[in-house]
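Undergrad: Take a look at the following structure, please.
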Amino acid sequence: MKYDPYHGRKKEAAPLESAFQELLKAYRLEDKFRENLLINSWTDLVGKTIADRTGTIFIKEKKLVVKITSGPVKKELQLNRSKVLSLIEEKIGKGIVEDLVFL
Numbered sequence: 001m002k003y004d005p006y007h008g009r010k011k012e013a014a015p016l017e018s019a020f021q022e023l024l025k026a027y028r029l030e031d032k033f034r035e036n037l038l039i040n041s042w043t044d045l046v047g048k049t050i051a052d053r054t055g056t057i058f059i060k061e062k063k064l065v066v067k068i069t070s071g072p073v074k075k076e077l078q079l080n081r082s083k084v085l086s087l088i089e090e091k092i093g094k095g096i097v098e099d100l101v102f103l
C-alpha cells in the first residue's frame with residue numbers, strides 16, 4: 001500500500017474553536033480543560049471582593065475546594081452554595097463540580 005501523508009486529514013478548513021474542541025475530545029482532555037477554566041475564572045464568577053479573600057482553589061473528586069481567608073466571606077459563601085453552583089454550571093457547564101467545600 002502506498003504511503004499517503006494526507007490520509008485522515010480533513011480537506012476543508014475548520015474554525016479554530018471547533019478544531020480545538022475536536023483536539024480536546026481526541027486526547028480526552030475536555031474535563032481537565034473545563035476544570036482549569038473554572039479555577040481561572042473564579043474571579044469572574046464570584047467577584048473581586050471574594051476572590052481577594054480566596055487562597056488556594058482546586059478540584060478533587062468533583063468537589064471544588066476553596067480556601068477562604070475571611071470568616072464572614074466563608075459563611076456567606078456557605079449560605080449561598082447553591083447560587084455559586086448554579087453560576088458554575090451556567091459558565092462552565094454541568095458535570096465538572098458536584099459540591100463545594102470551603103476551608
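Its first residue numbered 1, the sequence shown is counted upward by one per residue in the UniProt record's numbering.
A virtual CB, placed ideally from N, CA and C, is assigned to each residue, including glycine.
These numbers were taken from a predicted model, which means no experiment stands behind them.
So, are the CB atoms of K62 and E98 less than 8 Å apart?
TA: The residue given as residue 62 occupies position 62 in the sequence shown. The residue given as residue 98 occupies position 98 in the sequence shown. Going by C-beta atoms, K62 is nearer than 8 Å to E98.
Undergrad: Count the other C-beta atoms from every protein chain shown that fall within 10 angstroms of the C-beta of L77, then say buried if there are 16 or more, exposed otherwise.
TA: Here residue 77 refers to the residue found at position 77 when the sequence shown is read from its first residue. Result: buried.
Undergrad: Can you round the beta-carbon distance between L100 and V66 to whole angstroms, since I take them to be within the 8 Å contact cut?
TA: Translated into positions along the sequence shown, residue 100 becomes position 100. Translated into positions along the sequence shown, residue 66 becomes position 66. So it is a contact: roughly 7 Å between Cβ atoms.
Undergrad: Confirm, please, whether the CB-CB distance from F102 to K74 is below 8 Å.
TA: As a first step, residue 74 must be located in the sequence shown, where it is residue number 74. As a first step, residue 102 must be located in the sequence shown, where it is residue number 102. Their beta carbons are under 8 Å apart, which means K74 touches F102 by this criterion.
Undergrad: Classify L29 as helix, strand or coil using the three-state DSSP reduction.
TA: As a position in the sequence shown, residue 29 is number 29, starting the count at 1. Three-state result, L29: coil.
Undergrad: Is it buried or exposed, T54, if we count other Cβ atoms within 10 angstroms and call 16 or more buried?
TA: For this step, residue 54 is matched to residue 54 along the sequence shown. T54 is buried by the Cβ-count criterion.
Undergrad: Going by C-alpha to C-alpha distance, which of S70, S41, T49, E17 sits closest to F58?
TA: Locating residue 58 in the sequence shown gives position 58, counting from the first residue. When only C-alpha atoms are compared, the closest one is S41.
Undergrad: Please report the straight-line C-alpha distance between T43 and D52, rounded to a whole angstrom.
TA: By one-based count along the sequence shown, residue 43 stands at place 43. By one-based count along the sequence shown, residue 52 stands at place 52. Looking at the two C-alpha atoms, the distance is approximately 8 Å.
Undergrad: Please confirm whether E30 and L24 have their CB atoms less than 8 Å apart.
TA: Along the sequence shown, read from residue 1 onward, the residue named residue 30 stands at position 30. Along the sequence shown, read from residue 1 onward, the residue named residue 24 stands at position 24. Result yes, Cβ atoms of E30 and L24 sit closer than 8 Å.
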